[in-house]
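Only one structure is covered here, and it is reproduced in the block below.
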Amino acid sequence: MDYTPSGYLIFFMYEGRNKTESIPGLTLQEVANRLLEIGCSEAINLDGGGSSCMLINGKETIKPMTDASNPLQAP
3 MDYTPSGYLI FFMYEGRNKT ESIPGLTLQE VANRLLEIGC SEAINLDGGG SSCMLINGKE
63 TIKPMTDASN PLQAP
């Protein structure tokens, strides 16, 4: 998660999971480089690996690697 100097909030997620050689994952350095390329200056890494997922308007757009996740309920 990051923001640009113009105030846009950026949620960056890369689907990789090392499924195939053509879809490798990214290292934290590679993520940082990508964010710098689009003008971001500071970032925080919230998660990484097979448990990562993304929902947009309640729809799961990127699914976790397995269904063995342990979801936490918001208070």
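Count along the sequence shown from 1, then add 2; that gives the number in the working numbering.
Every residue gets a Cβ at the ideal spot worked out from N, C-alpha and C, and that includes glycine.
Quick caveat: nothing in here was measured; it's all calculated off a predicted structure.
Pick from the options: whose alpha carbon is nearest that of residue i?
{"i": "Ile58", "options": "Ile40, Met15 and Tyr10", "result": "Met15"}
{"i": "Gly9", "options": "Leu30, Gln31, Gly27 and Ser43", "result": "Ser43"}
What number of angstroms, rounded off, separates the C-alpha of residue i from the C-alpha of residue j?
{"i": "Asn98", "j": "Met3", "result": "With the chain running from 3 to 77 in the structure shown, residue 98 is simply not present."}
{"i": "Ile40", "j": "Phe13", "result": "12 Å"}
{"i": "Gly60", "j": "Ser54", "result": "15 Å"}
{"i": "Gly27", "j": "Gly50", "result": "10 Å"}
{"i": "Glu32", "j": "Pro7", "result": "20 Å"}
{"i": "Ala34", "j": "Lys65", "result": "23 Å"}
Taking 6 Å as the limit between beta carbons, can you name the residues of its chain near residue i, skipping five residues before and five after?
{"i": "Thr63", "result": "Met56"}
Quick one: what's got a C-beta closer than 8 Å to residue i's C-beta in the same chain, skipping five residues either side?
{"i": "Leu37", "result": "Asp4, Ile12, Phe14 and Ala45"}
Closer than 7 Å by C-beta to residue i: which residues in its own chain qualify, once you throw out the five before and the five after it? Chain order, please.
{"i": "Leu30", "result": "Asn47"}
{"i": "Ala17", "result": "For the record, residue 17 in the displayed sequence is Glu; it is not Ala. The residues are Ile64."}
Secondary structure, alpha helix (DSSP H): runs of 4+ residues fully inside the segment 3 to 65 | Restricting attention to alpha helix (DSSP H) runs no shorter than 4 residues, the segment 3 to 65 encloses them at 30 to 39, ordered along the chain.
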